[in-house]
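Visitor: Residue numbers (this note's numbering): 169 to 219. A virtual CB, placed ideally from N, CA and C, is assigned to each residue, including glycine.
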Amino acid sequence: MEKIELITRIRALSELLHSDDLHKYSFSEETLTEMKQKLDEITEEYIAAYC
């Protein structure tokens, strides 16, 4: 995955997960956990490739 695409995905997922309005989406705890894990994965991918 290219650098810009990774940054875009990290930013979008991070903004959603840290949003004050997250509760209005009614995500299950399982979904939230999966989203956090995915954020961790793509962040690690970015760090490994570009840092």
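Is S182 near L207, with beta carbons less than 9 Å apart?
Guide: Taking the first residue of the sequence shown as position 1, residue 182 is located at position 14. Taking the first residue of the sequence shown as position 1, residue 207 is located at position 39. Yes; because the gap between Cβ atoms is below 9 Å, this pair is in contact.
Visitor: I need the boundaries of the alpha helix (DSSP H) containing Y214, first residue and last residue.
Guide: By one-based count along the sequence shown, residue 214 stands at place 46. Looking at the DSSP string, the run of the alpha helix (DSSP H) that includes Y214 is 197-218.
Visitor: Please give me, in chain order, every unbroken run of the alpha helix (DSSP H) with length at least 4 that falls completely inside the segment 169-198.
Guide: Entirely contained in the segment 169-198, the alpha helix (DSSP H) runs reaching 4 residues are, in chain order, 171-185.
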